[in-house]
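Visitor: Numbering (this note's numbering), first residue to last: 1061 to 1279. The structure is given below, and queries will be raised subsequently.
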Amino acid sequence: MYMKKLKLLIIIISIFIFLSLNIVFGKTLPLKNKVITIDAGHGGRDPGATYNDIFEKNINLEISLKLEKELLKQGATVFMIRRSDIDLSSIYDSKKKRGDLYRRLQLIKKNKSDMYISIHINWYKNSNYKGAEVLYNPINSNNKTIAKIIMEEFQTNLNSNRTINTTDLYMYKNTTIPGVLVECGYLSNYEDRNKLLTSNYQQKIASSITKGIIRYFMK
Ligand SMILES: [Zn+2]
1061 MYMKKLKLLI
1071 IIISIFIFLS
1081 LNIVFGKTLP
1091 LKNKVITIDA
1101 GHGGRDPGAT
1111 YNDIFEKNIN
1121 LEISLKLEKE
1131 LLKQGATVFM
1141 IRRSDIDLSS
1151 IYDSKKKRGD
1161 LYRRLQLIKK
1171 NKSDMYISIH
1181 INWYKNSNYK
1191 GAEVLYNPIN
1201 SNNKTIAKII
1211 MEEFQTNLNS
1221 NRTINTTDLY
1231 MYKNTTIPGV
1241 LVECGYLSNY
1251 EDRNKLLTSN
1261 YQQKIASSIT
1271 KGIIRYFMK
């Protein structure tokens, strides 16, 4: 009789622990309460890097939309700087490119982002350069950490042998909100160019960035 009661007690306790763990871990997605703004580079009048009829702006948008889906799955609140082929310049801007970047920055701030991710494709005169890489501005000390973690994911999941680097571009040195510039590969490289056009590779990039972001916020 005593053994039966003990068994019952153990079962009840086990169920209780199982349910508690579910409440603590099962229902809380890793990026819940995190606001992430995705900045798909270029767009509209600004194609970015080009190779024949391949425009960087289009690949940026495709990767960004995949990244949005991945981040939403992990519970993040996601803002998109653009979700179509537009730029953010105004007819009144004397410098269209600067106006475009300025408005991107304003949106990142307005969204109260915990992080921004800029998506771009690289171009270099030496066509041997290939692989995804992450750039950051040291204006926020967390930026290097974010860059390192996402770069590790690229090295592991995409076999990229590139490394992190700093950038002094206008957009990245003018916000203290944590974030990085992701260069998803080189449009100037034959191998990268072909991979970047496939949905499968774009998805791998989106998943790798997401894994990195989760690891960063879990730290
Ligand atoms: Zn670009």
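Ideal placement from N, C-alpha and C gives every residue a C-beta, glycine not left out.
Please find out if some non-hydrogen atom of ligand 1 comes closer than 8 angstroms to the beta-carbon of A1207.
Guide: For this step, residue 1207 is matched to residue 147 along the sequence shown. False, no ligand heavy atom lies under 8 angstroms from that Cβ.
Visitor: Tell me where the beta strand (DSSP E) around I1096 begins and ends.
Guide: Counting from one through the sequence shown, the residue named residue 1096 turns up at place 36. Looking at the DSSP string, the run of the beta strand (DSSP E) that includes I1096 is 1095-1100.
Visitor: Give a single yes or no on whether A1192 has its beta carbon closer than 8 angstroms to a heavy atom of ligand 1.
Guide: Sequence index remark: in the sequence shown, residue 1192 carries index 132 (1-based). No, since every heavy atom of ligand 1 falls outside the 8 angstroms radius drawn around the Cβ of A1192.
Visitor: Pull up the DSSP beta-bridge partners for E1130, would you.
Guide: On the sequence shown, residue 1130 is found 70 positions in, with the first residue counted as 1. None, per the DSSP bridge assignment.
Visitor: Quick check: the Cα distance between Y1196 and R1222, rounded to an integer number of angstroms?
Guide: Taking the first residue of the sequence shown as position 1, residue 1196 is located at position 136. Taking the first residue of the sequence shown as position 1, residue 1222 is located at position 162. Answer to the nearest angstrom: the Cα atoms are 14 angstroms apart.
Visitor: For the alpha helix (DSSP H) containing Y1162, list its first residue and its last residue.
Guide: Here residue 1162 refers to the residue found at position 102 when the sequence shown is read from its first residue. First-last of the alpha helix (DSSP H) with Y1162: 1156-1170.
Visitor: Tell me, please, which residues DSSP counts as bridged to A1241.
Guide: Locating residue 1241 in the sequence shown gives position 181, counting from the first residue. Position check: residue 1241 holds Leu in this sequence, whereas Ala was assumed. The partner list for L1241 (beta bridge, DSSP) reads S1178, L1195.
Visitor: Specify the secondary structure class of G1272 as computed by DSSP and reduced to three states.
Guide: Stepping through the sequence shown from its first residue, residue 1272 is reached at position 212. It is helical.
Visitor: Taking DSSP's pairing of strands, which residues face M1140 in a bridge?
Guide: Indexing the sequence shown from 1 puts residue 1140 at position 80. Looking at the DSSP assignment, M1140 forms a beta bridge with I1098.
Visitor: Could you tell me the boundaries of the alpha helix (DSSP H) in which D1113 lies?
Guide: For the purposes of this step, residue 1113 is identified with residue 53 of the sequence shown, where counting begins at 1. That residue, D1113, is in no alpha helix (DSSP H); it is neither H nor E in DSSP.
Visitor: With respect to 8 angstroms, is the separation between the Cβ of G1104 and the closest non-hydrogen atom of ligand 1 below this value?
Guide: The count along the sequence shown starts at 1 and reaches residue 1104 at position 44. For ligand 1, not one heavy atom lies less than 8 angstroms from the Cβ of G1104.
Visitor: So L1256 is in the alpha helix (DSSP H); what residue range does that whole segment cover?
Guide: Along the sequence shown, one-based indexing puts residue 1256 at 196. Here the alpha helix (DSSP H) through L1256 covers 1250-1256.
Visitor: Please report the distance separating the alpha-carbon of L1091 from that of E1130.
Guide: Position 31 of the sequence shown, counted from the start, is the residue given in the question as residue 1091. Position 70 of the sequence shown, counted from the start, is the residue given in the question as residue 1130. Those two C-alpha atoms are separated by around 11 angstroms.
Visitor: Per DSSP, what are the beta-bridge partners of N1225 in this structure?
Guide: As a working mapping, residue 1225 is identified with position 165 in the sequence shown. DSSP lists L1195 as partners of N1225.
Visitor: Under 8 angstroms from any heavy atom of ligand 2, does the C-beta of N1120 make it?
Guide: Within the structure as shown, ligand 2 is missing, the only ligands being ligand 1.
Visitor: Are at least three pairs of beta-carbons, each pair with one atom in the segment 1237-1256 and one in the segment 1174-1194, less than 8 angstroms apart?
Guide: At 8 angstroms Cβ cutoff, the stretches touch.
Visitor: What separation, rounded to the nearest whole angstrom, lies between the Cα atoms of Y1111 and K1133?
Guide: The sequence position of residue 1111 within the sequence shown is 51, counting from 1. The sequence position of residue 1133 within the sequence shown is 73, counting from 1. Those two C-alpha atoms are separated by around 33 angstroms.
Visitor: Could you tell me the boundaries of the alpha helix (DSSP H) in which Y1232 lies?
Guide: As a working note, residue 1232 is residue 172 in the sequence shown. Per DSSP, Y1232 belongs to the alpha helix (DSSP H) from 1230-1233.
Visitor: State yes or no: is the C-beta of E1213 within less than 9 angstroms of the C-beta of K1271?
Guide: Walking along the sequence shown from the start, residue 1213 turns up at place 153. Walking along the sequence shown from the start, residue 1271 turns up at place 211. Yes, these two residues count as a Cβ contact at 9 angstroms.
Visitor: How would you label N1260, buried or exposed, when you count the other beta carbons within 10 angstroms and need 16 or more for buried?
Guide: Counted from its first residue, the sequence shown places residue 1260 at position 200. Label assigned to N1260: exposed.
Visitor: Would you say the beta carbon of A1109 is closer than 8 angstroms to some non-hydrogen atom of ligand 1?
Guide: On the sequence shown, residue 1109 is found 49 positions in, with the first residue counted as 1. Indeed, a heavy atom of ligand 1 lies less than 8 angstroms from the Cβ.
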